[in-house]
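Peer 1: Taken in order, these protein sequences are the chains called P and A. Here the first sequence stands for residues 1 to 222, where the numbers follow the working numbering. Here the second sequence stands for residues 223 to 475, where the numbers follow the working numbering. We treat Cβ as the ideally placed atom computed from N, Cα and C, and that holds for glycine. No experiment lies behind these values; they were computed from the predicted model shown.
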Amino acid sequence: MPSPLETLAGIVDLARQGLLLKYAVASLFRVTWGFIAAAVLAIPMGLTIGWYRRAEMAFNPLIQILRPISPLAWIPIAILWFGVGDLAAVFLIFVSCFFPLLLTAINAVQGIPAIYLNAGRNFGLSPAAIIYRVLYPAVMPQLITGLRITLGLAWLVVVAAEMIAVSSGLGFLIIDARNAGNRYDLVVAGMVAIGVIGLLLDLLMRSLARAKFLRWGEVTED
Amino acid sequence: MAISETKLSAGRITMAFQRDGKTTPVLNDISLEVARGEFLCIVGPSGCGKSTLLSAMAGFLSPSSGEIRIDGQTVTGPDPRRIFVFQERGVFPWLTVEGNIEFGLFALPRAERQKRISHYIKMVGLTGFERAYPAELSGGMKQRLEVARALAVNPDMLLLDEPFGALDSITRLTMRKELLRIWEAEGNTVVFVTHDIDEAVQLADRVVVLSDRPARIQQIVKVDIPHPRDISSARYLELRNGIFEQLGLAHAI
């Protein structure tokens with residue numbers, strides 16, 4: 001095991017070569033696009049499925065079968081479909097984020113107290129107005145929590161994906177440092193970078209959750 | 223109150239719920255008339271179907287048979303002219319006090335909205351809390367906010383489902399007084415569901431006593447005591463005890 005000092009030297013070394021920034025950007029790039037693609041698809045889909053009881057009954061078996069498959073099990077298929085490269089890694093992030101977000105959205109809609117929807121109807125809101133004035137604010141706190149947890153998950157998965165599916169990124173750095181001469185100082189340096197960036201991502205999501213227009217979830221008990 | 227025209231009439235309402243293939247009858251042949259401007263209380267044992275009857279009046283549920291007419295028109299769905307005030311807190315936690323009151327006013331011009339908001343905030347005593355979120359309010363304040371949200375759209379009927387059930391006894395007494403004051407000022411027709419017989423006799427022009435499920439009307443008691451009511455008067459106790467007896471609860475404890 002490298003000493004803390006050796007690790008620090010490894011970080012400095014990587015930074016000087018420009019690899020640290022390059023690999024961090026590569027990893028963040030994959031996470032960002034996989035995560036956004038999953039959110040854009042899974043949240044509207046989940047809200048719709050949750051809203052219509054029949055849709056949930058139709059989709060639930062499929063969701064329940066696909067959900068427990070580890071995103072890592074998709075690696076061979078990702079490579080088969082997209083080759084070794086960014087797209088394969090983005091796809092893996094997408095798969096790992098899609099199901100948690102889908103289920104969060106379904107649960108969020110189903111958890112809306114009926115009295116809120118009834119109140120909306122009682123005041124004469126159109127169905128569209130009920131969606132943006134009742135459904136959207138009611139599900140928001142749960143969605144934000146789901147997004148935060150899922151982003152953390154995406155950051156876990158990107159490292160594993162990069163060890164196999166690409167030749168750049170922080171996951172690649174770790175596996176490459178070991179394979180190319182057991183440079184454990186660089187391995188640990190890579191781990192430190194992953195930890196710090198993970199923390200920053202979580203802080204970013206937390207501040208998003210505190211944004212004013214989404215704030216009410218923070219002040220209620222439930 | 224002088225008996226005037228009929229606001230609501232329920233004709234031979236029967237309702238049943240289907241669950242797990244079994245049919246549970248809830249309401250059994252309820253016929254009822256509510257006069258315009260009347261304060262009507264519905265009491266009955268817990269789970270007897272009082273709230274179901276109220277939901278049908280609001281248009282959230284449809285009767286299995288029979289029909290409810292308001293102003294001569296059959297009720298087919300919810301309508302802003304009759305606002306349901308919920309048993310559990312129905313205020314929106316994502317809106318401020320102002321935002322909640324404004325919720326139903328979307329069709330009005332801005333100046334009129336502002337006028338109503340400040341009027342009803344004052345009426346229910348929430349001045350100073352305009353920008354507060356429901357989570358920052360006490361139970362009694364939330365309940366008053368919900369009443370204000372309902373009144374702001376100028377409904378001609380208020381349907382209240384055990385609105386004060388979750389409040390402590392002192393707040394509950396204050397709220398009853400407030401509600402009577404608002405009702406006298408606004409002149410709405412009020413249908414108020416409660417399991418509290420004292421509450422019903424203190425508030426109502428008439429008290430409808432429902433039986434156990436499936437609910438039938440056991441008795442309709444006219445409360446001929448003017449407001450403010452002396453709750454230690456002989457007439458009050460007589461009416462109250464009469465209802466207890468009707469429900470088989472007299473001398474039970």
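Within 10 angstroms of the Cβ of V375/A, are there 16 or more other Cβ atoms? Answer buried if so, exposed if not.
Peer 2: Per the 10 Å Cβ criterion, buried.
Peer 1: List the residues of chain A whose Cβ lies closer than 8 Å to the Cβ of Y116/P, in chain order.
Peer 2: Correct list: G312 and F314.
Peer 1: Going by DSSP in three states, R133/P sits in which element: helix, strand or coil?
Peer 2: Note: R133/P maps to helix in three-state DSSP.
Peer 1: Is the Cβ-Cβ distance between T7/P and A189/P less than 8 Å?
Peer 2: Yes, these two residues count as a Cβ contact at 8 Å.
Peer 1: Using a Cβ cut-off of 8 Å (strictly closer), state whether A119/P contacts chain A.
Peer 2: With 8 Å as the cut-off, A119/P counts as an interface residue toward chain A.
Peer 1: Cβ closer than 7 Å: which chain A residues qualify as neighbours of F123/P?
Peer 2: Per Cβ cutoff of 7 Å: P302, F325, G326 and V375.
Peer 1: Taking any Cβ of chain A, which residues in the stretch 130-154 of chain P have a Cβ under 8 Å from it, in chain order?
Peer 2: Listed by position, the residues of the stretch 130-154 of chain P near chain A (Cβ gap below 8 Å) are R133, V134, P137, A138 and M140.
Peer 1: Please report whether the beta-carbon of A280/A lies at a distance below 8 Å from any beta-carbon of chain P.
Peer 2: Yes, contact with chain P.
Peer 1: Would you mind sorting G281/A into buried or exposed? The rule is 16 or more other CB atoms within 10 Å of its CB.
Peer 2: The residue is buried, with at least 16 neighbouring Cβ atoms inside 10 Å.
Peer 1: Decide if the stretch 271-279 of chain A is in contact with the stretch 234-253 of chain A; the criterion is three or more beta carbon pairs, one per stretch, under 8 Å apart.
Peer 2: At 8 Å Cβ cutoff, the stretches touch.
Peer 1: Report the residue from A370/A, Q295/A and I419/A whose alpha carbon sits nearest the alpha carbon of G233/A.
Peer 2: Out of A370/A, Q295/A and I419/A, Q295/A has the C-alpha closest to the C-alpha of G233/A.
Peer 1: Got a sec: is the Cβ-Cβ distance from F261/A to anything in chain P below 8 Å?
Peer 2: Not an interface residue.
Peer 1: From the beta carbon of I419/A, is the nearest beta carbon of chain P less than 8 Å away?
Peer 2: No, no contact with chain P.
Peer 1: Counting only Cβ pairs nearer than 8 Å, list the residues of chain P close to F308/A.
Peer 2: Those are I115, N118 and A119, listed as they occur along chain P.
Peer 1: Please classify A42/P as buried or exposed, where buried requires at least 16 neighbouring CB atoms within 10 angstroms.
Peer 2: The residue in question, A42/P, is buried, as its Cβ has 16 or more Cβ neighbours within 10 Å.
Peer 1: Can you tell me whether DSSP reads S96/P as helix, strand or coil?
Peer 2: S96/P: helix per DSSP, three-state reduction.
Peer 1: Straight-line CA distance for L28/P to L147/P?
Peer 2: Approximately 16 Å, taken between the alpha carbons.
Peer 1: Based on Cα-Cα distance, which residue from L80/P, Q64/P, A39/P and P113/P lies nearest to F94/P?
Peer 2: If we check each option's Cα against that of F94/P, A39/P comes out closest.
Peer 1: Return the chain-ordered list of same chain residues with a C-beta closer than 7 Å to the C-beta of L14/P, the five sequence neighbours on each side being excluded.
Peer 2: If we look at L14/P and ignore the five residues flanking it on each side, its Cβ neighbours are L20, L186 and A189.
Peer 1: Strictly by DSSP, which residues pair up with L230/A?
Peer 2: L230/A is bridged to V256/A and I292/A.
Peer 1: Just to check, is the beta-carbon of G190/P closer than 7 Å to a non-hydrogen atom of the ligand NAD?
Peer 2: This structure lacks the ligand NAD, and indeed carries no ligand of any kind.
Peer 1: Should I305/A be flagged as near chain C, meaning a C-beta pair shorter than 8 Å?
Peer 2: Absent here is chain C; the protein component of the structure consists of chains P and A.
Peer 1: Is it buried or exposed for L317/A, if we count other Cβ within 10 angstroms and need 16 for buried?
Peer 2: It counts as buried.
Peer 1: For D242/A, count neighbouring Cβ atoms within 10 angstroms of its own Cβ and tell me buried if that reaches 16, exposed if not.
Peer 2: Counting Cβ neighbours within 10 Å, D242/A comes out exposed, since fewer than 16 surround it.
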